[in-house]
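Protein chains: 2
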Amino acid sequence: MRTKIMLIGALLFVWSVSCLGSKTVNILDYGASSGGSDCVQALQKALEECRHYPGSTLFFPKGDYHFYPDYGKDKYVFVSNNDEGLKRVIFLLEDFRELTIEGDGSQFVFHGFVNPFIVEHSSNIRLRNFSVDCSRSFHSESIILSNHARGIDIEIPENYPYRISNGVLLFTDGQREEQRKTTVSKVSVYPYGFLLEYDPVKKETAYMVHDYYLDGNPLPADSLGGRRVRIYLDGLTGTPGNVMTFAPSHRNYPGFILTDSRNIKFEEVTIYHSGGMGIVGQRTDNVSVLRCRVTPSEGRLVSCTADATHFSNCTGKIELGNNLFENQKDDATNIHGIYVQIVAVEAPDIVVTELKHSQQFGFDFLKEGKEIEIVGGKSLITKSRNKVLEAERINKSLTRIKLTEPLPVGTGMGDAIAEIRAYPEIHIYGNIIRRNRARGMLLNCRGKTVVENNYFHNPGAAILFEGDASFWFEQGGVSDCVIRNNIFDNCLYGVWGEAVIDVAAGIHEEREKSRYNKNIRITDNTFRTFDKGLLLHAYGVDGLVWKNNKIERTTDYSPVRTYESPFKISDSDHINIQE
Amino acid sequence: MRTKIMLIGALLFVWSVSCLGSKTVNILDYGASSGGSDCVQALQKALEECRHYPGSTLFFPKGDYHFYPDYGKDKYVFVSNNDEGLKRVIFLLEDFRELTIEGDGSQFVFHGFVNPFIVEHSSNIRLRNFSVDCSRSFHSESIILSNHARGIDIEIPENYPYRISNGVLLFTDGQREEQRKTTVSKVSVYPYGFLLEYDPVKKETAYMVHDYYLDGNPLPADSLGGRRVRIYLDGLTGTPGNVMTFAPSHRNYPGFILTDSRNIKFEEVTIYHSGGMGIVGQRTDNVSVLRCRVTPSEGRLVSCTADATHFSNCTGKIELGNNLFENQKDDATNIHGIYVQIVAVEAPDIVVTELKHSQQFGFDFLKEGKEIEIVGGKSLITKSRNKVLEAERINKSLTRIKLTEPLPVGTGMGDAIAEIRAYPEIHIYGNIIRRNRARGMLLNCRGKTVVENNYFHNPGAAILFEGDASFWFEQGGVSDCVIRNNIFDNCLYGVWGEAVIDVAAGIHEEREKSRYNKNIRITDNTFRTFDKGLLLHAYGVDGLVWKNNKIERTTDYSPVRTYESPFKISDSDHINIQE
């Protein structure tokens, strides 16, 4: 009887939703047009219509739609591993239920300092079949002409407007400079934070190059006439003909920010560019990214200026299937939790916690009733479990919490706290991951993790197990991870990693005891390697199987490493290597 | 009968308030101590206690109290003529009624990137008898050693930590640099936006110097050993022995921000430093600043890095009496309204308005029911009056408004809108205003304005009547202004103004018709002048009397100007000059 009533209830619900909903909202009916004019106001009206009809599809007939900052919405956003700020948002999906954005193969072009998509407190959102690009990229590129005693000479293509202002090189939006200078004058600048050299033939980071970090400040420079510029940085060298890229100093403009939402699905979405990560999910349940592409647009070597995808404290299922992730300026994905550090013990059951990494500020997760674990900040050994009784946010970095149980002896300042949550199941399959900066992916999730049938060609480790509670404060530690049937093709042609598969959590104390990663099975993969580098480096592991993997030798790059064994393993238990 | 009941009601209210209140809260009872330790948490507890007892006095026994950022509160603030942002606030007085902060002559020292005081939605606040300073100033100073072909050599005293990073000069907080560099590394930097030279003997801006604007970017520099540095900027010169100051590139840290409050009284408060203006009032009713001092602390030449006081869209009465305003890096005060520009006419009665000046973003004043006037953007002629029927804030710069009446013919894009409000009465008396950058004060208020018994010694105009709707978008236009019994002592020793009293609104069209300032009476003042510069420059005025003013010649500076008459007046009516 009860089942019957529930069934009728469910049917009534479905009926009422379908009565209201399932509407197709055509953006052209709201004043948008393809070809260049600003579609922001039309978009806002169309989205309001969709909001009234859960289940709606916002339809963009195939074309190129342009979005300018002027009429965008303002929203202050804290976004994990990117930069917080008051964002000017174009697609602001707050409190939406059941929405599909169907692009019909359209191109969405974003102008200026805007955030393309923010999804917050929303559910059942499908983003389909469109591309995202920026008219002026947040990074800049230049051609290396030659080396000089204190730096290099470069030529800057026209799509990267710049000027030399008071002796330093600034990248700009190319708009005319203000004529009247005052104490509050600012130039519209694309600030850069580090340099990295690319090989324009291979369309990847040049062989074995490293980043030149600038602390966010522009470089001294002289004009050499035309668009040729001499830049000064001690130790900076490059190969003439290669491309020197200038990465933005901040991650202010990620492509898609997903916050406190559920059931978000990307299908056939192309991200040509973002000024920050491509897709960032935080505290979100169930995210699928299927048949999408992160790839630079014509004439650029960089796509996203940071990770292609990134997930912090997510739950449910994360599925990355059949995507292309290339030329992003960091990893293809990183799925992790967040640690706070105990910075004051005010009573046996009251502590003040701090978000230590500035790109985690405002990441509030210590709420009343949350189960937590307390780990050694340097050992990563779980010391105890507890529960939040009360939480008081002091500011964006500090939260005071009262615990249900007093802290055990030996726990205190410098230890770290993470949420114990329904860790998501991870399925990563059929992706091509290549030509980016740094690693392929970071696996830092305690839910079942399967990585299969992918192709990796990365300058650093293809797969890194990281996590630490002393520097990045990213919670990791897999408990059940399968890596099978992947091709690792000539990885490690750069400087970002010790091995193709690198299990290297931030265990700085008690290594002989700490077993942070568990149950990793690496089977049936093909490793194509150009030198005797490490295939597997691991410490702090309990349970690792290496079986039935194939190694092929190539001559695609100059060999540099001469390890006797492809395996370097220490401080681990239950390791089973079958070569 | 009705009056009697109201009277009894009022008495009951007074009684209940006085029962609750009039408590003295001693900061020492809440864990604060003088001498160096962080008093922020004690302050927060004490303020909460005060909140419960309207009429309370928060008492700081004479001492030096230190405030650090760690436990400060976060608040996103839009603050007129300063820079918006998420502020870390120490004294956050939100929704307070009847509070006195009595400092007993204490020194309040603020550390790091914090905002000392924000008063919002509060009333009857008295701030008494304390000083405000910053441990590391937001500007920096250096001694000019010599000139070289492309700039100057300087020596930087130890209280201004700096380093040369990748070939550019950065001012820092002197903290140790991060050892591990990453893509997100930032140095804790005090960015600078313009240079200005000071005479350390006279403790004022050097004779006839001008600002060197930098667009907010650091300068190329080489170390010369010790704390000596060679900086490069084409055209930069200085007098050896003088001091070259580096002004902060932003105004993020004003001393006191007063927003949407009433009855705020400063008495015997000293502001040694602020990273922005000293006191900024916006949309606030009745502000008194009495017997206060804006003055640099020992060893510095700069006090506030912008105006000492500043008032936007205030009402009631503004009283500045018997203060010392010296060495602030802009005017002693500027009392004005704010214009928005009409940027779209969507229907005869619907317009989109824009806050054009970036330091006015978020200054929302167009609310339902507001009376407004519409003026020509370049003529400043009032075209019509109207009323806001509905207002829709689009973002921090755009607001769409529906008017009660359609726009008249000839009104539209490019015209400007200001609120018609109860313009405040201004009384400025007994102040010493000297040695600052730029002008003495800007009088831009339509309420009765009396400026009497002040002493002025400023490098620019002592008094400027400005206001425009095309660049700064500050509404001015006095209607009844008396300037009497002041001493103007050797003003115009710098480049910021055409005359000691300069009536120079931004009238760029229809000068022959526009009469923006009205009824100015300048009587019984003493002008001490070192050359034949202008005492009065005016256009666009209706009604001006110059009477019974005394001129004394000095030899305190080298003469540079040779005007035949001390008066330059055009495009004005009803001018009565009696020499």
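Line by line, the protein sequences give chains D and Z.
According to UniProt numbering, the first sequence holds residues 1 to 579 in order.
According to UniProt numbering, the second sequence holds residues 1 to 579 in order.
By construction, the Cβ of each residue, glycine as well, lies at the ideal position given by its N, Cα and C atoms.
| Asked | Found |
| --- | --- |
| If distances are taken between C-alpha atoms only, which option among Pro254(D), Ser274(D), Thr404(D), Thr449(D) comes closest to Gly316(D)? | Thr449(D) |
| Taking 8 Å as the threshold (C-beta atoms), are His139(D) and Phe67(D) in contact? | no |
| Nearest by alpha-carbon distance to His537(D): which of Glu498(D), Lys513(D), His574(D), Arg553(D) is it? | Glu498(D) |
| Could you check which residue in Gly376(D), Pro240(D), Leu58(D) has the C-alpha nearest to that of Phe91(D)? | Leu58(D) |
| Looking at the strands, I want to know which residues DSSP matches up with Val132(Z). | Phe108(Z), Ile271(Z) |
| Does Ile507(Z) come out as helix, strand or coil in the three-state DSSP assignment? | coil |
| Report yes or no: do the segment 236-253 of chain D and the segment 241-257 of chain Z share at least 3 C-beta pairs separated by less than 8 Å? | no |
| Rounded to whole angstroms, how far is the Cβ of Ile520(Z) from the Cβ of Leu544(Z), which I believe are closer than 8 Å? | 5 Å |
| Kindly indicate which residue of Val114(Z), Leu258(Z), Phe96(Z), Ile231(Z) has the alpha-carbon position closest to the one of Val89(Z). | Val114(Z) |
| Beta-carbon separation of His273(D) and Cys292(D) under 8 Å? | no |
| Against Gly193(Z), what residues of chain D qualify as contacts under a CB-to-CB distance less than 7 Å, listed in chain order? | Thr183 |
| Inspect the CB distances between the segment 427-446 of chain Z and the segment 360-377 of chain Z and report whether three or more fall short of 8 Å. | no |
| Comparing the C-beta of Ala347(D) with each C-beta of chain Z, is any distance below 8 Å? | no |
| Which two residues bound the contiguous beta strand (DSSP E) that contains Glu392(D)? | 382-393 |
| Using 8 Å as the threshold, is the C-beta distance between Ile401(Z) and Val388(Z) below it? | yes |
| With Gln282(Z) as the anchor, note down where its beta strand (DSSP E) starts and where it stops. | 279-282 |
| Quick check on Lys448(Z): does DSSP put it in helix, strand or coil? | coil |
| So Ala247(D) is in the beta strand (DSSP E); what residue range does that whole segment cover? | 243-248 |
| Please tell me whether Leu233(Z) has its Cβ less than 8 Å away from any Cβ of chain D. | yes |
| Expressed to the nearest angstrom, what Euclidean distance is found between the alpha-carbon atoms of Thr411(D) and Tyr339(D)? | 15 Å |
| Identify the contact partners of Pro254(D) in chain Z, using a Cβ-Cβ distance below 9 Å as the criterion. | Those do not exist, as Pro254(D) stays about 14 Å from chain Z at its closest Cβ, beyond 9 Å. |
| Which term fits Thr554(D), buried or exposed, when burial requires 16 or more other beta carbons within 10 angstroms of its beta carbon? | exposed |
| At the level of alpha carbons, what is the spacing between Ala332(D) and Gly362(D)? | 24 Å |
| Can you check which of these residues, Ala149(Z), Leu145(Z), Asp104(Z), Val109(Z), is closest to Leu127(Z) by C-alpha distance? | Asp104(Z) |
| Would you kindly report the start and end of the unbroken beta strand (DSSP E) that includes His139(D)? | Counting along the chain, His139(D) falls outside any beta strand (DSSP E), and DSSP gives it neither H nor E. |
| For the structure I just gave you, are there three or more beta carbon pairs, one from the segment 344-352 of chain D and one from the segment 450-458 of chain D, closer than 8 Å? | no |
| What's the gap between the Cα of Leu355(D) and the Cα of Ile394(D)? | 12 Å |
| Pull up the distance between the alpha-carbon of Ser106(Z) and that of Phe465(Z), whole angstroms please. | 37 Å |
| For the segment 282-292 of chain Z against the segment 219-237 of chain Z, do three or more pairs of beta-carbon atoms, one drawn from each stretch, fall closer than 8 Å, so that the two count as touching? | no |
| Can you list, in chain order, the residues of its chain whose CB lies under 8 Å from that of Glu512(D), leaving out five sequence neighbours each side? | Asp571 |
| Measure the CB-CB distance between Arg446(Z) and Ser397(Z) and report whether it falls below 8 Å. | no |
| Roughly how far, in whole angstroms, is the beta-carbon of Leu380(D) from the beta-carbon of Tyr516(D), given that I think they are within contact range, below 8 Å? | 5 Å |
| List the DSSP bridge partners of Ala32(D). | Paired residue(s): none; Ala32(D) is not in a bridge. |
| From the DSSP output, in three-state form, read off His52(Z) for me. | helix |
| Answer yes or no: does any C-beta atom of chain D fall closer than 8 Å to that of Asn217(Z)? | yes |
| Have a look at Phe311(Z), Asp211(Z), Asn431(Z), Thr523(Z) and flag the residue whose alpha-carbon is nearest the alpha-carbon of Asn485(Z). | Thr523(Z) |
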